[in-house]
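First to last, the protein sequences are chains A and B.
Okay, so the first sequence: first residue is 1 according to the UniProt record's numbering, each after it adds one.
Okay, so the second sequence: first residue is 1 according to the UniProt record's numbering, each after it adds one.
A virtual CB, placed ideally from N, CA and C, is assigned to each residue, including glycine.
There are 2 protein chains.
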Amino acid sequence: MRRVTIHDVADKAGVSLATVDRVLNGRPGVRKVTIERVQAAVRDLNYEPDAFAAGLAKKRNYRLHFLIPNGPNAFMEDLSREARDFASTLMRERVSVHIEPIDAFDAHRVTGTLAVLDKSVCDGVAVVAPSFPEVRAAIDRLQDRGVHVVTLVSDHPASTRRHFVGIDNVAAGRVAGRLLGRFLPKEPAKIAFIAGSLGLRDHADRYAGCTQVLDNEFPHLELLKVREGRDDNGKNHDIALKLLKEHPDLAGLYNIGAGNRGLIAAIEETRRGAGLTFIGHELTPYTRTALQNGTMDALIAQDPGHEVRSAIRVLKALCDGAPIVEGQERIGIDIFLKDNLPDLA
Amino acid sequence: MRRVTIHDVADKAGVSLATVDRVLNGRPGVRKVTIERVQAAVRDLNYEPDAFAAGLAKKRNYRLHFLIPNGPNAFMEDLSREARDFASTLMRERVSVHIEPIDAFDAHRVTGTLAVLDKSVCDGVAVVAPSFPEVRAAIDRLQDRGVHVVTLVSDHPASTRRHFVGIDNVAAGRVAGRLLGRFLPKEPAKIAFIAGSLGLRDHADRYAGCTQVLDNEFPHLELLKVREGRDDNGKNHDIALKLLKEHPDLAGLYNIGAGNRGLIAAIEETRRGAGLTFIGHELTPYTRTALQNGTMDALIAQDPGHEVRSAIRVLKALCDGAPIVEGQERIGIDIFLKDNLPDLA
DNA sequence: CTAAAAATGAGTAACGCACCTCAGATGCTT
DNA sequence: AAGCATCTGAGGTGCGTTACTCATTTTTAG
Chain A
1 MRRVTIHDVA
11 DKAGVSLATV
21 DRVLNGRPGV
31 RKVTIERVQA
41 AVRDLNYEPD
51 AFAAGLAKKR
61 NYRLHFLIPN
71 GPNAFMEDLS
81 REARDFASTL
91 MRERVSVHIE
101 PIDAFDAHRV
111 TGTLAVLDKS
121 VCDGVAVVAP
131 SFPEVRAAID
141 RLQDRGVHVV
151 TLVSDHPAST
161 RRHFVGIDNV
171 AAGRVAGRLL
181 GRFLPKEPAK
191 IAFIAGSLGL
201 RDHADRYAGC
211 TQVLDNEFPH
221 LELLKVREGR
231 DDNGKNHDIA
241 LKLLKEHPDL
251 AGLYNIGAGN
261 RGLIAAIEET
271 RRGAGLTFIG
281 HELTPYTRTA
291 LQNGTMDALI
301 AQDPGHEVRS
311 AIRVLKALCD
321 GAPIVEGQER
331 IGIDIFLKDN
341 LPDLA
Chain B
1 MRRVTIHDVA
11 DKAGVSLATV
21 DRVLNGRPGV
31 RKVTIERVQA
41 AVRDLNYEPD
51 AFAAGLAKKR
61 NYRLHFLIPN
71 GPNAFMEDLS
81 REARDFASTL
91 MRERVSVHIE
101 PIDAFDAHRV
111 TGTLAVLDKS
121 VCDGVAVVAP
131 SFPEVRAAID
141 RLQDRGVHVV
151 TLVSDHPAST
161 RRHFVGIDNV
171 AAGRVAGRLL
181 GRFLPKEPAK
191 IAFIAGSLGL
201 RDHADRYAGC
211 TQVLDNEFPH
221 LELLKVREGR
231 DDNGKNHDIA
241 LKLLKEHPDL
251 AGLYNIGAGN
261 RGLIAAIEET
271 RRGAGLTFIG
281 HELTPYTRTA
291 LQNGTMDALI
301 AQDPGHEVRS
311 AIRVLKALCD
321 GAPIVEGQER
331 IGIDIFLKDN
341 LPDLA
């Protein structure tokens with residue numbers, strides 16, 4: 001059960017090592033018939049290159065940059081932490097991760113950060129950024145310069161980015177809609193929506209998915225117009241208080257974006273938890289507690305750890321031209337009820 | 001930004017390469033003070049061994065065996081397929097996976113299969129098997145022989161297995177309970193349960209979790225006694241027909257085990273889909289369709305692909321004494337509604 | 001048919017580490 | 001201070017591949 005090496009392939013094909021190497025690494029200077037002969041030998045012998053030897057000989061190393069929004073956002077902090085943690089276990093595999101905090105709302109600065117990157121500095125970039133056209137253009141230019149780019153959490157479908165690591169936000173919104181519809185009694189009731197901004201692609205997608213399901217399958221529910229709170233806890237707190245006052249009979253609440261903390265506080269202050277079905281996004285210490293004590297009823301989440309590891313795997317695969325294991329890289333929508341919260345790490 | 005190598009460590013510690021090697025690989029013949037000096041240098045320089053070079057030099061290879069129940073079970077077939085698929089991409093990393101079909105209900109044969117395994121044949125084993133004491137004992141003996149063992153899907157907590165790859169079935173049951181409780185109107189109603197066998201640990205766990213939530217938080221619901229269908233579609237079909245006849249007002253149904261196909265058929269034949277909230281486990285072509293057309297209301301699943309890849313990563317880590325990334329190996333409970341079904345691969 | 005161009009063979013130096021040997025140095029005991 | 005055990009240094013080899021160079025053979029064009 002010895003490993004099959006290029007020597008065996010060379011023997012089988014009746015050529016020299018050098019020729020096998022030329023074929024395997026796509027170097028020029030080999031006749032078509034010879035190429036085919038070598039490839040046939042590879043197939044026959046079921047040859048697989050040895051990743052250890054190849055990595056060693058290639059002196060390969062993977063310099064990855066992660067551009068992640070800063071600011072007091074628990075989810076983004078988790079992303080950064082997971083990236084750092086996973087990177088440390090991957091040092092010995094020659095993966096180095098540099099985390100660059102960015103201001104997600106300042107498209108100009110983000111563009112500038114992308115503009116200075118270059119093949120001489122890094123091999124792959126994962127970026128979390130809002131979908132401004134200039135950012136898309138910067139991504140495209142970066143790829144032209146030979147740096148692989150994946151979008152993280154929030155996609156830029158129009159760009160040439162090689163992969164998107166994140167959840168399907170339309171589906172996430174649909175899930176929220178169905179849970180609201182099914183959790184509430186089958187009778188007329190009001191539902192309120194709070195978003196960071198419908199200008200953000202993921203928020204808009206979630207809203208669209210949610211209203212689609214509610215309009216079609218739960219037409220007895222009245223949907224109030226969306227309030228935008230810029231993902232800010234203070235703003236959301238005020239919005240919620242006003243909302244609860246204006247609509248004493250409010251039955252459902254869907255927070256499309258971040259800033260759950262402000263909403264939770266408002267609901268608990270007014271002791272409206274029992275009568276209100278409240279669904280939000282992302283697992284944080286605050287939402288966890290709210291789910292446990294009944295203030296929140298369901299949480300739709302994405303696992304930042306999974307996303308970071310997926311992004312790194314994908315970028316690595318892109319760097320050495322390896323195929324991407326699709327099933328492995330599909331990020332699922334996590335639905336948390338108080339019953340299936342993961343243990344705290 | 002050159003890589004730090006053992007040469008650098010040797011220089012820094014003022015010793016030779018041989019000594020560094022002795023320390024790093026735990027070989028004898030080094031004074032305690034020297035060991036400490038080398039370790040200090042390692043820390044100072046932040047030295048990390050190069051996985052490529054180490055793997056190459058060690059001629060390491062990972063021979064893994066997967067023992068997976070055969071029989072007409074879509075989930076187990078998925079497991080096997082995923083194992084094969086992932087293994088093929090890992091050949092170049094010197095991971096070879098052998099899949100051994102077993103008869104999960106024949107503990108004696110399973111024990112026999114485990115008994116002949118040995119360090120000379122394989123380095124790690126992942127086993128899906130019911131929790132009979134003899135199987136547990138066989139696992140322990142196998143580990144004593146130096147072969148790492150992880151349990152897959154169904155755990156043997158009492159054994160010395162190094163890791164369990166699978167979901168928390170009690171939590172899964174609780175989720176089923178809460179979804180039933182919240183999907184149904186807040187008024188008295190009957191709920192039926194079908195299991196493969198409460199003798200199977202995972203089924204018993206799910207049942208316990210589900211009734212715990214229903215009893216405590218939804219006391220208005222009446223829980224009928226569990227029917228056991230041995231995970232057989234034919235048996236389940238008959239059970240369902242009888243159940244629907246005996247209880248024309250049945251409001252909820254939870255299939256704890258496999259054999260959803262039989263239940264789906266029975267419900268669709270009797271046109272009882274609309275009035276019945278039906279929750280089951282595992283995503284298969286049948287349950288997918290049932291969810292889409294409304295026969296089923298929710299699906300609680302575990303991703304066989306994730307589980308296989310996790311098992312392989314864990315076994316690999318155990319083989320070379322590397323730490324396990326806990327967060328990465330936690331298998332989440334997937335909750336599928338008709339809104340978040342993954343695209344077909 | 002010949003000269004130029006293209007294809008191939010043969011060989012070699014890395015890559016970083018594991019593992020081995022053997023000689024020499026150092027410490028410790030009497 | 002000799003004798004012994006214990007440490008340590010120097011050096012070599014092998015792992016499978018990459019990425020060269022240089023010489024040689026084959027093919028192609030004129």
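Top-ranked residue by Cα proximity to residue i, from the options
i, options, result
"residue 387(B)", "Leu283(B), Cys319(B), Thr5(B)", "Because chain B spans 1 through 345 in this model, residue 387(B) falls outside it and cannot be assessed."
"Ser96(B)", "Ser159(B), Lys119(B), Cys210(B), Phe86(B)", "Phe86(B)"
"Thr160(B)", "Ala137(B), Glu326(B), Val175(B)", "Ala137(B)"
"Asn236(B)", "Ser88(B), Leu250(B), Ala195(B), Asp44(B)", "Ala195(B)"
"Leu142(A)", "Val153(A), Asp118(A), Ser131(A), Ala240(A)", "Asp118(A)"
"Pro188(B)", "His7(B), Glu82(B), Ala251(B)", "Ala251(B)"
"Val116(A)", "Val128(A), Lys58(A), Arg145(A), Ile324(A)", "Arg145(A)"
"Ser120(A)", "Val226(A), Pro185(A), Thr89(A), Asn61(A)", "Asn61(A)"
"Lys338(A)", "Arg22(A), Glu326(A), Arg288(A)", "Arg288(A)"
Sub-8 Å separation of residue i and residue j beta-carbons
i, j, result
"Phe278(A)", "Leu253(A)", "yes"
"Arg330(B)", "Pro342(A)", "yes"
"Gly266(A)", "Leu244(A)", "One detail in the question is off: residue 266(A) reads as Ala in this sequence, not Gly. Yes, the pair counts as a contact, with Cβ atoms nearer than the cut-off."
"Gly166(B)", "His148(B)", "no"
"Val135(B)", "Thr111(B)", "yes"
"Phe52(B)", "Gly321(A)", "no"
"Ala104(A)", "Pro69(A)", "yes"
"Arg84(A)", "Ile99(A)", "yes"
"Gly273(B)", "Thr295(B)", "yes"
"Leu67(A)", "Glu307(A)", "no"
"Ile335(A)", "Ala298(A)", "yes"
"Val128(A)", "Ser154(A)", "yes"
"Ala41(A)", "Asn340(B)", "no"
Residues near residue i by beta carbon distance below 6 Å, same chain, minus five either side
i, result
"Glu282(B)", "Phe75, Ala301"
"Tyr47(B)", "Val4, Val9"
"Ser131(B)", "His156, Arg201"
"Gly332(A)", "none"
"Arg261(B)", "Asn233, Tyr286"
Contacting residues, own chain, Cβ-Cβ under 7 Å from residue i (five flanking each side not counted)
i, result
"Ser197(B)", "His203, Glu228, Arg230"
"Gly173(A)", "Asp205, Arg206, Tyr207, Ala208, Gly209, Cys210"
"Pro101(A)", "Ile68, Asn70"
Assigned secondary structure, residue i (DSSP; H/G/I helix, E/B strand, else coil)
i, result
"Asp231(A)", "coil"
"Thr34(A)", "helix"
"His220(B)", "coil"
"Asn61(A)", "coil"
"Ile324(B)", "coil"
"Ile68(B)", "strand"
"Ser96(A)", "strand"
"Leu253(B)", "strand"
"Gly280(A)", "strand"
"Phe132(B)", "coil"
"Asp103(B)", "coil"
"His247(A)", "coil"
"Leu198(B)", "coil"
"His108(B)", "helix"
Sequence-distant residues of its chain with Cβ nearer than 8 Å to residue i (five each side left out)
i, result
"Leu214(B)", "Gly177, Leu180, Gly181, Ile191, Leu221, Leu223"
"Asp140(A)", "Ser159, Thr160"
"Gln328(B)", "Ser310, Arg313"
"Cys122(A)", "Arg63, Leu64, His65, His98, Val147"
"Gly26(A)", "none"
"Val15(A)", "Thr34, Arg37, Val38"
Distance cut-off 7 Å: residue i Cβ against heavy atoms of the ligand SAM
i, result
"Gly55(A)", "Of ligands this structure carries none, so the ligand SAM is not represented either."
### Query
For the segment 323–344 of chain B, which residues have a CB atom closer than 7 Å to at least one CB atom of chain A, in sequence order?
Val325, Glu326, Gly327, Gln328, Arg330, Gly332, Ile333, Asp334, Ile335, Leu337, Asp339, Asn340, Pro342
### Message
Please identify, using Cβ separations under 9 Å, the residues of the segment 215–227 of chain B that lie next to chain A, in order along the chain.
### Response
none
### Query
Got a sec: which bits of the segment 91–110 of chain A sit with their beta carbon under 8 Å from any beta carbon on chain B, in order along the chain?
Met91, Arg92, Glu93, Arg94
### Task
Could you name the residues of the segment 307–318 of chain B whose beta carbon sits closer than 8 Å to any beta carbon of chain A, in the order they occur along the chain?
Arg309
### Task
Closer than 7 Å, Cβ to Cβ, to anything on chain A: give me those residues from the UniProt domain "HTH lacI-type" (4–58) of chain B, in chain order.
Glu48, Pro49, Asp50, Ala51, Phe52, Ala53, Gly55, Leu56
### Query
For the segment 154–185 of chain B, which residues have a beta carbon sitting closer than 8 Å to at least one beta carbon of chain A?
Asp168, Ala171, Ala172, Arg174, Val175, Gly177, Arg178, Leu179, Arg182, Phe183, Pro185
### Message
Beta carbons nearer than 8 Å to chain B: which residues of the segment 138–155 of chain A have them?
### Response
none
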